[in-house]
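These notes are about the structure you will find just below.
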Amino acid sequence: MDKKKENISIGFVPTMGALHQGHISLISKSKTDNLLTVCSIFVNPTQFNNPDDFKKYPITIESDIEILEAAGCDILFLPQREEVYPPGFIKTHYELGGLENILEGSYRQGHFQGVCLVVERLLNIIPCDILYLGQKDYQQCMIIEKMTQLRNINCSIKISPTIREKDGLAMSSRNSRLSNSERTAATIIYQALIYMKSNLKNKSLDDLKNNAYQMLEESGFEVDYIDITDQHLGSVENLNSSNTLVGLIAATINSIRLIDNMILTNIDE
Ligand code: AMP
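Under the numbering used here, the sequence shown is numbered contiguously, ending at residue 271.
Rendered as structure tokens:
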């Protein structure tokens, strides 16, 4: 198909399936902006640093297809592993700079190389005009932006806000693995972000992070990191040093690792 000749714009939403309203919000944005919307479902082995996490990743293809049909998604790309990584496929290394080794990168060795590999590969297969990503994976958005620049990939990127459950928990495919009590406890991540946002003016940076840390630990979470950075994920020394501040949390309960973030200086969230 010659997209230019046909004047068709294509929006692309890459996912790992177990679809929820967060994914659907990206599909809806794409449908508003483009003539064709493509969603891919592929649980990408190269981005899992923990083989157990990969094995336990929820797979719900039948309900995913129903959800995509109901959302009016035009095309589902559901490749086999060999289609994405054919025999003889040579892995590229991406020079992602410091961004690769902080936050998620420091806890998930090789994760972002795997993310770049699959997204570049998918973008080779699906010639899209706009790539839709969720702010839920804040660092991933920045990494993918960098990868598209490094590789001169000609598609724009649109980042959509995080969709949350009523109690604030960020929707995530991994939430389906939580037991009832873990699910109840998991709202503490949102509450800790709200705590940091609400107390930005009356607490020090250290107090904010330490108190949020304590909130998570008291709810049974093991904390990987709680950080407050500038919008480029650069470290901040104090709370006056940047106009835009982002709070980021990664924490695990019973081997289920959840991440979330919030723009702390934006009164709309
Ligand atoms: P995943 O299936 O987890 O790889 O996510 C696929 C895309 O959906 C990524 O761009 C995510 O950032 C985005 N996404 C996941 N959860 C949410 C959410 N709760 N709200 C908005 N976007 C999300």
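Even for Gly, the Cβ is constructed at its ideal location relative to N, Cα and C.
{"Check": "Near the ligand AMP: G107 beta-carbon under 7 Å from a heavy atom", "Outcome": "no"}
{"Check": "C157 in three-state terms, based on DSSP", "Outcome": "coil"}
{"Check": "heavy atom of the ligand AMP below 7 Å from H113 C-beta", "Outcome": "no"}
{"Check": "Residues of its chain near Y215, where Cβ-Cβ distance is below 7 Å and the 5 sequence neighbours each way are ignored", "Outcome": "V225, I228"}
{"Check": "Beta-carbon contacts of I26 that lie in its chain and below 7 Å, excluding the five residues immediately before and after", "Outcome": "I69, A73"}
{"Check": "Three-state class that DSSP yields for G13 in the structure shown", "Outcome": "strand"}
{"Check": "Any residue whose CB is nearer than 6 Å to a heavy atom belonging to the ligand AMP, listed in chain order", "Outcome": "T17, M18, G24, H25, S27, L28, L135, G136, K138, D139, S162, T164, I165, A172, M173, S174, S175"}
{"Check": "Cβ distance (whole Å) where G249 is taken to contact K199 below 8 Å", "Outcome": "7 Å"}
{"Check": "Identity of the residues DSSP links to S232 by a beta bridge", "Outcome": "Note that residue 232 corresponds to Asp in the displayed sequence, not to Ser. Note: D232 sits in a beta bridge opposite L247."}
{"Check": "Complete runs of the beta strand (DSSP E) confined to the region 165-226 [at least 3 residues]", "Outcome": "none"}
{"Check": "Cα-Cα separation, F14 to I161", "Outcome": "12 Å"}
{"Check": "For T62, the first and last residue of its enclosing beta strand (DSSP E)", "Outcome": "Neither: T62 is in no beta strand (DSSP E) and is coded neither H nor E."}
{"Check": "Limits of the alpha helix (DSSP H) - the one that N126 falls within", "Outcome": "113-127"}
{"Check": "Under the three-state DSSP convention, the category L28 falls into", "Outcome": "helix"}
{"Check": "Test item: CB-CB of M217 and A194 under 8 Å", "Outcome": "yes"}
{"Check": "Run of the beta strand (DSSP E) containing S42, from where it starts to where it stops", "Outcome": "38-43"}
{"Check": "Backbone secondary structure at E271 - three-state DSSP", "Outcome": "With a pLDDT of only 47 at E271, under 50, the local geometry of the prediction cannot be trusted, and the value read off the model is given with reservation. E271: coil per DSSP, three-state reduction."}
{"Check": "Inter-stretch contact (C-beta, 8 Å, three-pair minimum) for the region 88-101 and the region 27-46", "Outcome": "no"}
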